[in-house]
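Enquirer:
Number of protein chains: 2
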Amino acid sequence: MGTLTKDIALNSASSADEIVVRLTEAVHEHRILPGMKLNEDEVGEVFGVSRTVVRQALRSMSHGGLVAIERNRGAFVAKPSIKEAREVFEARALLEPQTARAAAERATAADVAILERHIKEEHAALAADEAGRALNLSGLFHVEIARIADQQTIEAFIRQLVSRSSLVIALYWRRRSALCESHAHHALLDTFRRNDPDKAEDIMKGHLIDLVSQLDLRDLPEETTSLRDALS
Amino acid sequence: MGTLTKDIALNSASSADEIVVRLTEAVHEHRILPGMKLNEDEVGEVFGVSRTVVRQALRSMSHGGLVAIERNRGAFVAKPSIKEAREVFEARALLEPQTARAAAERATAADVAILERHIKEEHAALAADEAGRALNLSGLFHVEIARIADQQTIEAFIRQLVSRSSLVIALYWRRRSALCESHAHHALLDTFRRNDPDKAEDIMKGHLIDLVSQLDLRDLPEETTSLRDALS
DNA sequence: TAAGCGCATATTGTATACGATCCTACGCGA
DNA sequence: TCGCGTAGGATCGTATACAATATGCGCTTA
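Protein chains in written order, with the working numbering: chain A, 1 to 232; chain B, 1001 to 1232.
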């Protein structure tokens, strides 16, 4: 009941979108890990639909970078390379500070209340030892900021980048269990309460840098490049 | 032969992707206009494939914002609202100047040569009175910059934003025929030759502002908001 | 004549069937 | 025993068939 799950209801999402939402959530919560095969028949059986619909869903997710589709081989949860991981956070560094600034200018009491609930739920999830759910909520916090900034286009980008960040964290997070309990979200919330755009921008910039610094992005564990690439 | 058409060849794109490319190009060249219905049977007949493949293609394009799909009603070329038009250029303003800077730092002689060919082809298209093709090439110039910056993630975003910009231009461009012959692209090219990041960033920022200033984004012609929205 | 209702048609949504491709495991020969 | 080739199964790609929904036209009626 208290969950922040958005059931859109109006405009009746197609069943494919339903599957996208469910699968995406599972990936965000690290219940489905990078590299895992997403068999069409299997997914279809779980959700009680035909492969037609499953394929729609998987193709959708492939556009968000959450799923990689290899022709005649099927769909896999994406495994971002280190380069891609860096790119994701570089893109976020371009988009989010400015967006946080705009959100701080526009934030109303209602917006602040929503963000407060987000943080509260995140803490509750951590307390309940549901690290995956906490991580998901932590990402939604960033998406919510774009919504407050009233920038749907940027919101869509950030949503995608947060998704991929979740994969990056699954692959490259340093400390196995310790989660980003960083008080950055609290600090951001405070700037929204005070409508302090300058500070909001600063904090967001720093927050993203902090996140990257907790990743292990040394080049060593990079997958061996494919033969095809090596010979071309 | 001289065309810059990228045929990817390796990893054999599926036939759905082929249709996406062809349709996207048609939209970019304003041979298919915003609001036009994209009938599945019709498209399938043109490309000689079944509706299955067409539907894949249309759903792909809907993720890029080029096509709007309404349940049980079909696919239409998107008609960006004025708000969306503003958002597109605000997003570009966040992404592209910094990307141009990075590109200016990295640009090699080969990169410069490619951009030169781009500009040359664009002029040729204008001379041949193919305004649509010129517009398309002008957009690809921006995408190419992201490639030079070696930022695939941002490149994908810019590609999408350029697409939607093409729709915005079709809807809101002031001067009917006069095309952005602005010398901004030449100036950018020059900063790449000289590897001058600061200037590249500045010029790109100004170029985007120029583009927006040539649009007619007054709120008046806004579509009447849907009944559903009005009542919710 | 205009408004309202209902059916007929066109179009989309989903499931199923069939063909193509890839992966694996087994057998054969050196 | 190792390597290669091939056959089988599993899985994906595409086409087709059927069901659900929306749209437009004509008929009826006041």
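C-beta atoms are modelled at their ideal positions from N, C-alpha and C, and glycine is treated no differently.
Closest Cβ-Cβ distance between residue 1059 of chain B and chain A: below 8 Å?
Expert: At least one chain A Cβ lies under 8 Å of residue 1059 of chain B.
Enquirer: Please confirm whether residue 214 of chain A has its beta-carbon closer than 8 Å to some beta-carbon of chain B.
Expert: It does not: the Cβ of residue 214 of chain A has no partner Cβ on chain B nearer than 8 Å.
Enquirer: If the cut-off is 7 Å on Cβ atoms, which residues from the stretch 63-78 of chain A count as contacting chain B, listed in chain order?
Expert: Taking 7 Å as the Cβ-Cβ cut-off against chain B, the residues of the stretch 63-78 of chain A that qualify are 63 and 71.
Enquirer: Is the beta carbon of residue 85 of chain A closer than 8 Å to that of residue 67 of chain A?
Expert: No, the pair does not count as a contact, with Cβ atoms beyond the cut-off.
Enquirer: On the DSSP letters alone, give me the boundaries of the alpha helix (DSSP H) that residue 1113 of chain B sits inside.
Expert: Counting along the chain, the alpha helix (DSSP H) containing residue 1113 of chain B begins and ends at 1109-1127.
Enquirer: Would you list the one or two residues that DSSP bridges to residue 68 of chain A?
Expert: Paired residues: A:76.
Enquirer: Please state whether DSSP places residue 1029 of chain B in a helix, a strand or coil.
Expert: Looking at residue 1029 of chain B - three-state DSSP - the assignment turns out to be coil, as it is neither helix nor strand.
Enquirer: Are the stretch 185-196 of chain A and the stretch 42-52 of chain A touching by the rule of at least three beta carbon pairs closer than 8 Å?
Expert: They do not touch, by the three-pair rule.
Enquirer: So, does the CB of residue 153 of chain A fall closer than 8 Å to a CB anywhere in chain B?
Expert: Yes, because at least one Cβ of chain B sits closer than 8 Å to the Cβ of residue 153 of chain A.
Enquirer: Taking only beta-carbon atoms, is residue 1003 of chain B less than 8 Å away from chain A?
Expert: Here the model assigns residue 1003 of chain B a pLDDT of 34, short of 50, so the residue's position is not dependable and the matter cannot be decided.
Enquirer: Kindly list the residues whose CB is nearer than 7 Å to the CB of residue 1015 of chain B, restricted to its own chain and excluding five residues on each side of it in sequence; keep chain order.
Expert: Around residue 1015 of chain B: 1049 and 1053.
Enquirer: Is it true that the CB of residue 1038 of chain B sits closer than 8 Å to the CB of residue 1093 of chain B?
Expert: Not closer than 8 Å, so no.
Enquirer: Distance, Cα to Cα, residue 24 of chain A vs residue 1126 of chain B?
Expert: Residue 24 of chain A and residue 1126 of chain B: Cα-Cα distance of roughly 45 Å.
Enquirer: Does the pairing of the stretch 1095-1103 of chain B with the stretch 1134-1147 of chain B give three or more beta-carbon distances under 8 Å?
Expert: Taking 8 Å as the limit for Cβ pairs, the verdict is that the stretch 1134-1147 of chain B does touch the stretch 1095-1103 of chain B.
Enquirer: Is it buried or exposed, residue 1166 of chain B, if we count other Cβ atoms within 10 angstroms and call 16 or more buried?
Expert: Under this definition residue 1166 of chain B is a buried residue.
Enquirer: Check whether the Cβ of residue 1167 of chain B lies closer than 8 Å to any Cβ atom in chain A.
Expert: Chain A contact via Cβ: absent.
Enquirer: Starting from residue 139 of chain A, trace the alpha helix (DSSP H) both ways and give me its first and last residue.
Expert: Looking at the DSSP string, the run of the alpha helix (DSSP H) that includes residue 139 of chain A is 131-148.
Enquirer: May I ask which residues mark the beginning and end of the alpha helix (DSSP H) holding residue 216 of chain A?
Expert: Here residue 216 of chain A belongs to no alpha helix (DSSP H), and DSSP marks it neither H nor E.
Enquirer: Can at least three beta-carbon pairs, one atom from the stretch 1148-1164 of chain B and one from the stretch 1101-1111 of chain B, be found at a separation below 8 Å?
Expert: Touching, per the Cβ criterion.
Enquirer: Grab me the residues of residue 1204 of chain B's own chain with a C-beta within less than 6 Å of its C-beta, minus the 5 sequence neighbours each way, in chain order.
Expert: Excluding sequence neighbours, residue 1204 of chain B sits near 1096, 1097 and 1100.
Enquirer: Just grab the DSSP bridge partners of residue 38 of chain A for me.
Expert: Per DSSP, A:75.
Enquirer: The stretch 193-211 of chain A: which residues have C-beta closer than 7 Å to a C-beta of chain B, in chain order?
Expert: Hits within the stretch: zero.
Enquirer: First and last residue of the alpha helix (DSSP H) that includes residue 244 of chain A?
Expert: This structure cannot speak to residue 244 of chain A, because chain A is shown only from 1 to 232.
Enquirer: Residue 1109 of chain B: buried (16+ other C-beta within 10 angstroms of its C-beta) or exposed?
Expert: So residue 1109 of chain B ends up on the exposed side.
Enquirer: Look at the Cβ atom of residue 135 of chain A, then the Cβ atom of residue 29 of chain A, and state whether they are nearer than 8 Å.
Expert: Yes; because the gap between Cβ atoms is below 8 Å, this pair is in contact.
Enquirer: Rounded to the nearest angstrom, what separates residue 169 of chain A and residue 1123 of chain B at their Cα positions?
Expert: Rounded to the nearest angstrom, the two C-alpha atoms are 46 Å apart.
Enquirer: Please confirm if residue 1047 of chain B has its CB atom under 8 Å from at least one CB of chain A.
Expert: No, because no Cβ of chain A sits closer than 8 Å to the Cβ of residue 1047 of chain B.
Enquirer: Among A:56, A:173, A:213 and A:202, which residue has its Cα nearest to the Cα of residue 80 of chain A?
Expert: The candidate whose alpha carbon is nearest that of residue 80 of chain A is A:173.
Enquirer: Quick one: what's got a C-beta closer than 6 Å to residue 1002 of chain B's C-beta in the same chain, skipping five residues either side?
Expert: With a pLDDT of 35 at residue 1002 of chain B, under the threshold of 50, the modelled position of that residue is not reliable, and the figure given next carries that caveat. Excluding positions up to five away in sequence, the list is empty.
Enquirer: In whole angstroms, what separates the C-alpha of residue 1215 of chain B from that of residue 1193 of chain B?
Expert: The alpha-carbon atoms of residue 1215 of chain B and residue 1193 of chain B are separated by roughly 31 Å.
Enquirer: Thinking just about the alpha-carbon of each residue, which of A:35, A:36, A:40 and A:64 is nearest to the one in residue 21 of chain A?
Expert: Closest by alpha carbon: A:64.
Enquirer: Applying a beta-carbon distance threshold of less than 8 Å, which residues of chain A neighbour residue 1095 of chain B?
Expert: What residue 1095 of chain B touches in chain A: 91, 94 and 95.
Enquirer: Using beta carbons (cut-off 8 Å, strictly below), is residue 1019 of chain B in contact with chain A?
Expert: So no, residue 1019 of chain B is outside the interface.
Enquirer: Grab me the residues of residue 60 of chain A's own chain with a C-beta within less than 8 Å of its C-beta, minus the 5 sequence neighbours each way, in chain order.
Expert: Within the same chain, residue 60 of chain A has close Cβ partners 16, 17 and 20.
Enquirer: Would a check of beta-carbon distances place residue 235 of chain A closer than 8 Å to chain B?
Expert: Residue 235 of chain A cannot be examined here, being either before or after the span of chain A that is shown, 1 to 232.
Enquirer: For residue 1310 of chain B and residue 218 of chain A, what's the separation of their Cα atoms in angstroms?
Expert: Lying outside 1001 to 1232, the shown extent of chain B, residue 1310 of chain B is not represented and no answer is given.
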